[in-house]
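Worksheet: the structure to be examined is printed underneath.
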Amino acid sequence: MAFPERFSNLPDYAFPRLRALLSDIEPGLAPGESPMILTIGEPRHPMPGFVAQVMADSLPELAKYPPNEGAPELLSAIGGWLDRRYGLEVAPDRLMVLNGTREGLFNAALALCPETKAGQQPIVLVPNPFYQVYAVAAAAVQAQALFVPATPATGNLPDYAGLDRALLDRVALAYLCSPANPQGAVADREYLETLVTLAERHDFLILADECYSEIWRDAPPPGALQVATAMGLPDRVVMFNSLSKRSNLPGLRSGFAAGGRAQIAQMRRLRNYAGAPLPLPVQRVSAAAWSDEDHVAASLALYQRKYRIADEILGDIPSYLPPEGGFFLWLPVADGEQAARTLWAQAGIQVLPGAYLSRDVDGINPGAGFIRVALVADADQTRAALTRLRAVLYDETGG
(Lines of atoms letter the chains of each structure in order from A and count residues from 1; the text may use other names and numbers.)
(Lines give C-alpha, C1' and ligand atoms only; values in the text may rest on other atoms or scores of the structure.)
Protein backbone atom coordinates (compact mmCIF):
# COMPACT_ATOMS: atom_id res chain seq x y z
CA MET A 1 0.00 0.00 0.00
CA ALA A 2 1.31 3.45 -0.89
CA PHE A 3 1.63 6.07 1.84
CA PRO A 4 0.94 9.81 1.44
CA GLU A 5 3.87 11.55 -0.22
CA ARG A 6 3.27 14.71 1.82
CA PHE A 7 4.92 13.02 4.82
CA SER A 8 7.77 11.42 2.91
CA ASN A 9 10.24 14.25 3.45
CA LEU A 10 9.78 14.40 7.21
CA PRO A 11 12.99 13.41 9.03
CA ASP A 12 12.90 10.92 11.87
CA TYR A 13 11.77 12.42 15.16
CA ALA A 14 14.52 13.82 17.38
CA PHE A 15 14.61 11.16 20.08
CA PRO A 16 14.84 8.08 17.84
CA ARG A 17 17.62 9.91 15.99
CA LEU A 18 19.42 10.49 19.28
CA ARG A 19 19.12 6.83 20.28
CA ALA A 20 20.66 5.83 16.97
CA LEU A 21 23.44 8.42 17.35
CA LEU A 22 24.45 7.07 20.76
CA SER A 23 23.73 3.38 20.18
CA ASP A 24 27.40 2.37 19.87
CA ILE A 25 28.57 4.22 23.00
CA GLU A 26 28.64 3.13 26.62
CA PRO A 27 28.07 6.05 28.99
CA GLY A 28 31.26 7.22 30.64
CA LEU A 29 30.60 7.20 34.37
CA ALA A 30 32.84 7.23 37.41
CA PRO A 31 32.02 4.80 40.23
CA GLY A 32 28.85 5.90 41.97
CA GLU A 33 27.75 8.23 39.18
CA SER A 34 24.43 7.86 37.35
CA PRO A 35 23.56 8.91 33.81
CA MET A 36 22.02 12.38 33.47
CA ILE A 37 19.28 12.54 30.83
CA LEU A 38 18.88 16.21 29.91
CA THR A 39 17.13 15.71 26.58
CA ILE A 40 13.37 15.70 27.01
CA GLY A 41 11.41 18.65 28.35
CA GLU A 42 9.64 16.67 31.06
CA PRO A 43 9.32 18.70 34.28
CA ARG A 44 10.47 16.90 37.41
CA HIS A 45 9.33 19.43 39.98
CA PRO A 46 6.62 18.29 42.42
CA MET A 47 3.12 18.30 41.01
CA PRO A 48 0.47 20.18 43.03
CA GLY A 49 -0.41 18.46 46.28
CA PHE A 50 -4.15 18.52 45.63
CA VAL A 51 -4.01 16.46 42.42
CA ALA A 52 -4.45 12.99 43.93
CA GLN A 53 -7.41 13.96 46.10
CA VAL A 54 -9.27 15.80 43.35
CA MET A 55 -8.67 12.88 41.00
CA ALA A 56 -9.86 10.34 43.57
CA ASP A 57 -12.98 12.33 44.41
CA SER A 58 -13.98 12.54 40.74
CA LEU A 59 -13.27 8.94 39.69
CA PRO A 60 -17.00 8.04 39.56
CA GLU A 61 -17.28 10.49 36.66
CA LEU A 62 -15.36 8.05 34.48
CA ALA A 63 -18.80 6.53 33.97
CA LYS A 64 -19.89 9.63 32.04
CA TYR A 65 -19.04 10.94 28.60
CA PRO A 66 -17.20 14.25 29.13
CA PRO A 67 -18.10 17.49 27.28
CA ASN A 68 -16.02 17.67 24.13
CA GLU A 69 -15.22 21.39 24.37
CA GLY A 70 -14.62 21.27 28.15
CA ALA A 71 -16.74 21.20 31.28
CA PRO A 72 -18.18 24.61 32.25
CA GLU A 73 -16.16 24.58 35.49
CA LEU A 74 -12.91 24.03 33.59
CA LEU A 75 -13.67 26.70 31.00
CA SER A 76 -14.47 29.08 33.85
CA ALA A 77 -11.16 28.27 35.59
CA ILE A 78 -9.21 28.85 32.37
CA GLY A 79 -11.05 32.11 31.81
CA GLY A 80 -10.22 33.18 35.36
CA TRP A 81 -6.54 32.45 34.79
CA LEU A 82 -6.51 34.43 31.53
CA ASP A 83 -8.03 37.37 33.40
CA ARG A 84 -5.51 37.20 36.27
CA ARG A 85 -2.51 36.60 34.02
CA TYR A 86 -3.25 38.86 31.05
CA GLY A 87 -6.25 40.99 31.99
CA LEU A 88 -8.29 39.23 29.29
CA GLU A 89 -12.02 38.63 29.47
CA VAL A 90 -12.48 35.53 27.33
CA ALA A 91 -15.98 34.07 27.11
CA PRO A 92 -16.38 30.27 27.24
CA ASP A 93 -17.27 30.12 23.53
CA ARG A 94 -13.80 31.46 22.77
CA LEU A 95 -12.14 28.54 24.60
CA MET A 96 -11.73 24.81 24.12
CA VAL A 97 -9.82 22.23 26.11
CA LEU A 98 -7.15 20.04 24.57
CA ASN A 99 -5.22 16.84 25.20
CA GLY A 100 -2.11 18.97 25.65
CA THR A 101 -1.03 21.75 23.32
CA ARG A 102 0.34 19.41 20.65
CA GLU A 103 -3.18 18.29 19.75
CA GLY A 104 -4.32 21.88 19.33
CA LEU A 105 -1.27 23.08 17.43
CA PHE A 106 -1.79 20.26 14.91
CA ASN A 107 -5.57 20.38 14.63
CA ALA A 108 -5.63 24.17 14.33
CA ALA A 109 -3.95 23.79 10.95
CA LEU A 110 -6.53 21.21 9.89
CA ALA A 111 -9.41 23.40 10.99
CA LEU A 112 -8.15 26.85 9.99
CA CYS A 113 -5.78 26.61 7.02
CA PRO A 114 -7.50 27.35 3.69
CA GLU A 115 -6.86 25.16 0.65
CA THR A 116 -5.49 28.15 -1.27
CA LYS A 117 -4.32 31.65 -0.41
CA ALA A 118 -4.04 34.38 -3.04
CA GLY A 119 -4.95 31.69 -5.56
CA GLN A 120 -1.89 29.58 -4.71
CA GLN A 121 -0.71 26.92 -2.30
CA PRO A 122 -0.87 28.46 1.18
CA ILE A 123 2.26 29.08 3.21
CA VAL A 124 2.68 28.20 6.88
CA LEU A 125 5.45 30.14 8.60
CA VAL A 126 7.61 28.07 10.96
CA PRO A 127 10.49 29.37 13.12
CA ASN A 128 13.71 27.44 12.59
CA PRO A 129 14.57 25.71 14.98
CA PHE A 130 11.10 24.74 16.13
CA TYR A 131 8.72 22.31 17.85
CA GLN A 132 8.33 19.61 15.22
CA VAL A 133 4.52 19.41 15.22
CA TYR A 134 4.41 22.71 13.32
CA ALA A 135 5.98 21.16 10.23
CA VAL A 136 3.83 18.02 10.41
CA ALA A 137 0.69 20.16 10.62
CA ALA A 138 1.74 22.09 7.51
CA ALA A 139 2.37 18.84 5.66
CA ALA A 140 -1.00 17.46 6.73
CA VAL A 141 -2.87 20.36 5.09
CA GLN A 142 -0.56 20.27 2.05
CA ALA A 143 0.67 23.80 2.69
CA GLN A 144 4.20 24.99 2.01
CA ALA A 145 6.15 25.16 5.26
CA LEU A 146 8.48 28.16 5.11
CA PHE A 147 11.25 27.73 7.69
CA VAL A 148 12.39 31.15 8.89
CA PRO A 149 15.73 31.35 10.77
CA ALA A 150 15.48 32.15 14.48
CA THR A 151 19.15 32.64 15.35
CA PRO A 152 21.23 34.91 17.60
CA ALA A 153 21.35 37.34 14.67
CA THR A 154 17.54 37.73 14.85
CA GLY A 155 17.27 37.63 18.63
CA ASN A 156 16.45 33.90 18.41
CA LEU A 157 12.99 34.80 17.10
CA PRO A 158 11.88 34.53 13.46
CA ASP A 159 11.98 37.76 11.46
CA TYR A 160 8.63 37.28 9.75
CA ALA A 161 8.39 41.01 9.06
CA GLY A 162 11.51 40.78 6.89
CA LEU A 163 9.94 38.37 4.41
CA ASP A 164 9.02 39.32 0.86
CA ARG A 165 5.56 40.90 0.65
CA ALA A 166 4.46 38.59 -2.15
CA LEU A 167 5.28 35.60 0.07
CA LEU A 168 3.43 37.14 3.00
CA ASP A 169 0.29 37.47 0.87
CA ARG A 170 0.29 33.66 0.58
CA VAL A 171 0.71 33.07 4.32
CA ALA A 172 -2.29 31.43 5.99
CA LEU A 173 -0.79 30.56 9.38
CA ALA A 174 2.27 31.66 11.34
CA TYR A 175 3.52 29.61 14.28
CA LEU A 176 5.30 31.38 17.12
CA CYS A 177 6.65 29.95 20.37
CA SER A 178 7.40 32.38 23.21
CA PRO A 179 9.28 31.70 25.40
CA ALA A 180 10.94 29.88 22.55
CA ASN A 181 11.76 26.20 22.49
CA PRO A 182 14.70 25.64 22.34
CA GLN A 183 16.39 29.04 22.62
CA GLY A 184 14.52 30.58 25.56
CA ALA A 185 13.93 33.90 23.77
CA VAL A 186 10.86 35.96 24.69
CA ALA A 187 8.79 37.94 22.19
CA ASP A 188 8.28 41.37 23.73
CA ARG A 189 5.28 43.64 23.12
CA GLU A 190 6.94 45.46 20.24
CA TYR A 191 7.70 42.18 18.45
CA LEU A 192 4.13 40.94 19.00
CA GLU A 193 2.58 44.22 17.89
CA THR A 194 4.64 44.09 14.69
CA LEU A 195 3.55 40.50 14.05
CA VAL A 196 -0.14 41.21 14.69
CA THR A 197 0.03 44.23 12.37
CA LEU A 198 1.64 42.03 9.72
CA ALA A 199 -1.08 39.40 10.15
CA GLU A 200 -3.79 42.02 9.70
CA ARG A 201 -2.11 43.55 6.65
CA HIS A 202 -1.58 40.20 4.91
CA ASP A 203 -4.65 38.41 6.31
CA PHE A 204 -3.13 35.47 8.17
CA LEU A 205 -3.59 33.86 11.58
CA ILE A 206 -1.00 33.61 14.36
CA LEU A 207 -0.86 30.30 16.24
CA ALA A 208 0.86 31.26 19.50
CA ASP A 209 2.46 28.38 21.40
CA GLU A 210 2.84 29.74 24.94
CA CYS A 211 3.26 26.57 26.98
CA TYR A 212 6.40 27.96 28.71
CA SER A 213 4.72 31.25 29.64
CA GLU A 214 4.98 30.69 33.41
CA ILE A 215 8.72 29.94 33.43
CA TRP A 216 10.65 33.19 33.12
CA ARG A 217 13.73 34.98 34.40
CA ASP A 218 12.81 38.60 35.13
CA ALA A 219 9.19 39.32 34.20
CA PRO A 220 6.14 37.42 32.94
CA PRO A 221 6.22 37.32 29.13
CA PRO A 222 3.42 39.15 27.31
CA GLY A 223 0.91 37.00 25.45
CA ALA A 224 0.08 37.24 21.76
CA LEU A 225 -3.69 37.22 22.38
CA GLN A 226 -3.21 39.85 25.09
CA VAL A 227 -1.38 42.15 22.67
CA ALA A 228 -3.77 41.48 19.77
CA THR A 229 -6.77 42.23 22.00
CA ALA A 230 -5.24 45.53 23.11
CA MET A 231 -4.83 46.38 19.42
CA GLY A 232 -8.49 45.55 18.72
CA LEU A 233 -7.50 42.48 16.65
CA PRO A 234 -8.21 39.43 18.85
CA ASP A 235 -9.31 37.34 15.86
CA ARG A 236 -5.74 37.37 14.52
CA VAL A 237 -4.44 35.04 17.27
CA VAL A 238 -5.19 31.59 18.61
CA MET A 239 -3.09 30.96 21.72
CA PHE A 240 -2.27 27.59 23.24
CA ASN A 241 -1.19 26.71 26.76
CA SER A 242 -1.20 23.69 29.03
CA LEU A 243 -0.56 22.36 32.51
CA SER A 244 2.48 20.31 31.45
CA LYS A 245 5.08 22.97 32.22
CA ARG A 246 3.07 25.43 34.33
CA SER A 247 1.92 22.82 36.84
CA ASN A 248 4.43 19.99 36.29
CA LEU A 249 1.68 17.70 34.95
CA PRO A 250 2.90 16.52 31.51
CA GLY A 251 1.16 13.16 31.89
CA LEU A 252 -2.23 14.76 32.53
CA ARG A 253 -2.37 15.81 28.85
CA SER A 254 -4.44 18.89 29.56
CA GLY A 255 -4.29 22.19 27.74
CA PHE A 256 -6.47 24.74 26.00
CA ALA A 257 -6.84 27.02 23.02
CA ALA A 258 -8.20 30.57 23.17
CA GLY A 259 -8.98 32.88 20.27
CA GLY A 260 -11.70 34.52 18.25
CA ARG A 261 -15.21 33.04 18.27
CA ALA A 262 -15.12 32.04 14.62
CA GLN A 263 -11.74 30.32 14.91
CA ILE A 264 -12.62 28.42 18.09
CA ALA A 265 -16.01 27.42 16.64
CA GLN A 266 -14.25 25.91 13.64
CA MET A 267 -11.78 24.05 15.86
CA ARG A 268 -14.61 22.78 18.05
CA ARG A 269 -16.47 21.59 14.97
CA LEU A 270 -13.51 19.50 13.86
CA ARG A 271 -13.02 18.17 17.38
CA ASN A 272 -16.62 16.97 17.50
CA TYR A 273 -15.69 14.49 14.78
CA ALA A 274 -12.01 13.77 15.34
CA GLY A 275 -11.08 14.80 18.87
CA ALA A 276 -10.90 12.86 22.11
CA PRO A 277 -12.43 14.76 25.05
CA LEU A 278 -10.58 14.85 28.34
CA PRO A 279 -12.00 12.45 30.96
CA LEU A 280 -13.94 14.34 33.61
CA PRO A 281 -11.51 13.48 36.44
CA VAL A 282 -8.75 15.05 34.34
CA GLN A 283 -10.93 18.10 33.78
CA ARG A 284 -11.59 18.42 37.53
CA VAL A 285 -7.86 18.31 38.31
CA SER A 286 -7.23 20.80 35.52
CA ALA A 287 -9.80 23.25 36.90
CA ALA A 288 -8.14 23.07 40.32
CA ALA A 289 -4.69 23.61 38.80
CA TRP A 290 -5.69 26.64 36.69
CA SER A 291 -7.28 28.14 39.82
CA ASP A 292 -4.17 27.88 42.01
CA GLU A 293 -1.04 30.03 41.74
CA ASP A 294 0.91 28.92 44.82
CA HIS A 295 2.36 25.81 43.20
CA VAL A 296 3.25 27.82 40.09
CA ALA A 297 5.20 30.38 42.12
CA ALA A 298 7.07 27.62 43.96
CA SER A 299 8.06 25.93 40.71
CA LEU A 300 9.11 29.22 39.13
CA ALA A 301 11.44 29.91 42.05
CA LEU A 302 13.16 26.56 41.43
CA TYR A 303 13.68 27.36 37.75
CA GLN A 304 15.01 30.81 38.53
CA ARG A 305 17.50 29.22 40.93
CA LYS A 306 18.65 26.93 38.10
CA TYR A 307 19.04 29.93 35.78
CA ARG A 308 21.47 31.37 38.32
CA ILE A 309 23.35 28.06 38.55
CA ALA A 310 23.67 27.90 34.76
CA ASP A 311 24.89 31.51 34.59
CA GLU A 312 27.43 30.85 37.32
CA ILE A 313 28.88 27.74 35.66
CA LEU A 314 28.59 28.66 31.97
CA GLY A 315 28.26 32.43 31.90
CA ASP A 316 31.82 33.15 30.74
CA ILE A 317 31.61 30.81 27.74
CA PRO A 318 31.75 32.82 24.49
CA SER A 319 28.30 33.16 22.87
CA TYR A 320 26.48 31.81 25.93
CA LEU A 321 23.03 33.41 26.03
CA PRO A 322 21.10 33.16 29.30
CA PRO A 323 17.53 32.04 28.55
CA GLU A 324 14.84 34.65 29.15
CA GLY A 325 12.22 31.97 29.71
CA GLY A 326 11.47 28.26 29.43
CA PHE A 327 13.72 25.57 30.86
CA PHE A 328 16.24 24.87 28.10
CA LEU A 329 19.81 25.98 27.59
CA TRP A 330 20.79 26.47 23.93
CA LEU A 331 24.54 26.05 24.13
CA PRO A 332 27.00 26.83 21.34
CA VAL A 333 29.31 24.00 20.24
CA ALA A 334 31.37 23.23 17.16
CA ASP A 335 29.09 20.37 16.14
CA GLY A 336 25.95 19.32 18.01
CA GLU A 337 26.06 15.63 17.13
CA GLN A 338 29.72 15.29 18.05
CA ALA A 339 29.14 17.17 21.31
CA ALA A 340 26.29 14.81 22.19
CA ARG A 341 28.45 11.76 21.53
CA THR A 342 31.35 13.19 23.51
CA LEU A 343 29.20 14.04 26.51
CA TRP A 344 27.64 10.58 26.59
CA ALA A 345 31.00 8.83 26.19
CA GLN A 346 32.95 10.91 28.70
CA ALA A 347 30.36 12.05 31.26
CA GLY A 348 27.21 9.94 30.86
CA ILE A 349 25.18 13.05 30.02
CA GLN A 350 22.54 12.98 27.29
CA VAL A 351 21.70 16.19 25.45
CA LEU A 352 19.92 16.81 22.17
CA PRO A 353 21.80 17.98 19.06
CA GLY A 354 20.31 21.25 17.89
CA ALA A 355 20.17 20.07 14.29
CA TYR A 356 17.46 17.58 15.29
CA LEU A 357 15.17 20.52 16.08
CA SER A 358 15.87 22.41 12.85
CA ARG A 359 15.68 22.02 9.09
CA ASP A 360 18.30 22.57 6.43
CA VAL A 361 17.48 25.64 4.35
CA ASP A 362 19.79 26.37 1.41
CA GLY A 363 22.25 23.90 2.88
CA ILE A 364 22.35 25.57 6.31
CA ASN A 365 20.92 24.10 9.49
CA PRO A 366 20.63 26.87 12.12
CA GLY A 367 20.72 24.34 14.97
CA ALA A 368 23.84 22.44 13.89
CA GLY A 369 26.18 24.44 16.12
CA PHE A 370 24.12 24.01 19.31
CA ILE A 371 22.94 21.48 21.85
CA ARG A 372 19.71 21.68 23.85
CA VAL A 373 20.00 21.00 27.58
CA ALA A 374 16.83 20.58 29.66
CA LEU A 375 16.98 22.14 33.14
CA VAL A 376 14.36 19.78 34.54
CA ALA A 377 16.31 18.01 37.32
CA ASP A 378 16.64 19.48 40.80
CA ALA A 379 19.18 22.19 41.60
CA ASP A 380 21.88 19.88 42.95
CA GLN A 381 21.63 17.51 39.99
CA THR A 382 21.64 20.47 37.61
CA ARG A 383 24.80 21.90 39.19
CA ALA A 384 26.55 18.54 39.01
CA ALA A 385 25.53 17.92 35.40
CA LEU A 386 26.48 21.39 34.15
CA THR A 387 29.82 21.21 35.94
CA ARG A 388 30.59 17.91 34.20
CA LEU A 389 29.31 19.27 30.90
CA ARG A 390 31.56 22.30 31.10
CA ALA A 391 34.61 20.19 31.95
CA VAL A 392 34.07 17.94 28.94
CA LEU A 393 32.93 20.39 26.26
CA TYR A 394 34.55 23.68 27.15
CA ASP A 395 37.44 23.44 29.60
CA GLU A 396 39.12 20.52 27.83
CA THR A 397 38.16 20.94 24.18
CA GLY A 398 37.23 24.60 24.02
CA GLY A 399 33.76 23.77 22.67
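Reminder that position 112 of the sequence shown reads as 112 in my numbering, one-by-one numbering, no gaps. Every residue, glycine too, gets a C-beta built ideally from N, C-alpha and C. Just so it is clear, the structure is predicted and the values come from calculations on it, not from any experiment.
Burial state of residue i (16 or more Cβ within 10 Å)
i, result
"residue 191", "buried"
"residue 356", "buried"
"residue 400", "Shown here, the chain extends from 1 to 399; a query on residue 400 therefore has no answer."
"residue 247", "buried"
"residue 64", "exposed"
"residue 201", "exposed"
"residue 183", "buried"
"residue 59", "exposed"
"residue 217", "buried"
"residue 358", "buried"
"residue 388", "buried"
"residue 120", "exposed"
"residue 10", "exposed"
"residue 213", "buried"
"residue 20", "exposed"
Span separating the alpha-carbon of residue i from that of residue j
i, j, result
"residue 89", "residue 238", "15 Å"
"residue 208", "residue 153", "22 Å"
"residue 133", "residue 330", "20 Å"
"residue 264", "residue 123", "21 Å"
"residue 45", "residue 117", "44 Å"
"residue 17", "residue 294", "38 Å"
"residue 25", "residue 151", "31 Å"
"residue 363", "residue 53", "53 Å"
"residue 13", "residue 129", "14 Å"
"residue 228", "residue 368", "34 Å"
"residue 143", "residue 199", "17 Å"
"residue 36", "residue 22", "14 Å"
"residue 296", "residue 80", "15 Å"
"residue 125", "residue 160", "8 Å"
"residue 336", "residue 310", "19 Å"
"residue 284", "residue 332", "43 Å"
"residue 354", "residue 78", "34 Å"
"residue 158", "residue 149", "6 Å"
"residue 306", "residue 109", "35 Å"
"residue 82", "residue 29", "46 Å"
"residue 40", "residue 382", "14 Å"
"residue 112", "residue 338", "40 Å"
"residue 181", "residue 230", "26 Å"
"residue 163", "residue 4", "30 Å"
"residue 193", "residue 203", "15 Å"
"residue 55", "residue 267", "28 Å"
"residue 33", "residue 380", "14 Å"
"residue 260", "residue 300", "30 Å"
"residue 131", "residue 38", "17 Å"
Local conformation of residue i per DSSP, three classes
i, result
"residue 162", "helix"
"residue 372", "strand"
"residue 231", "coil"
"residue 7", "helix"
"residue 128", "strand"
"residue 183", "coil"
"residue 167", "helix"
"residue 209", "strand"
"residue 325", "strand"
"residue 52", "helix"
"residue 240", "strand"
"residue 333", "coil"
"residue 361", "strand"
"residue 191", "helix"
"residue 245", "helix"
"residue 72", "helix"
"residue 64", "coil"
"residue 79", "helix"
"residue 398", "Because residue 398 carries a pLDDT of 44, less than 50, the predicted location of this residue cannot be relied on, and the following value inherits that uncertainty. Coil, per DSSP."
"residue 381", "helix"
"residue 279", "coil"
CB-CB length for residue i against residue j, believed under 8 Å
i, j, result
"residue 243", "residue 205", "The Cβ separation is near 24 Å, so there is no contact."
"residue 254", "residue 286", "4 Å"
"residue 361", "residue 15", "Residue 361 to residue 15, Cβ: 23 Å. No contact."
"residue 75", "residue 48", "Going by Cβ atoms, the distance from residue 75 to residue 48 rounds to 20 Å, so no, they are not a contact pair."
"residue 375", "residue 320", "Their Cβ separation, rounded to whole angstroms, is 14 Å, which puts residue 375 and residue 320 out of contact at 8 Å."
"residue 314", "residue 386", "6 Å"
"residue 289", "residue 249", "7 Å"
"residue 62", "residue 279", "6 Å"
"residue 256", "residue 211", "The pair is not a contact, with the Cβ atoms about 11 Å apart (cut-off 8 Å)."
"residue 262", "residue 235", "7 Å"
The ligand ADP heavy atom lying under 7 Å from the CB of residue i
i, result
"residue 347", "What this structure holds is no ligand at all, so the ligand ADP is not there to describe."
Original post:
Is the segment 174-193 close to the segment 321-328, with three or more CB pairs under 8 Å?
Top reply: yes
Original post:
Touch check for the segment 266-280 and the segment 79-97: three-plus C-beta pairs under 8 Å?
Top reply: yes
Original post:
Do the segment 135-142 and the segment 158-170 meet, that is, are 3 or more Cβ pairs less than 8 Å apart?
Top reply: no
Original post:
Is the number of C-beta pairs between the segment 100-110 and the segment 57-77 that are closer than 8 Å three or more?
Top reply: no
Original post:
Do three or more CB pairs link the segment 386-394 to the segment 342-357 at distances below 8 Å?
Top reply: yes
**OP:** Determine, using beta-carbon pairs with one atom in the segment 181-195 and one in the segment 221-234, whether at least three such pairs fall under 8 Å.
**Re:** yes
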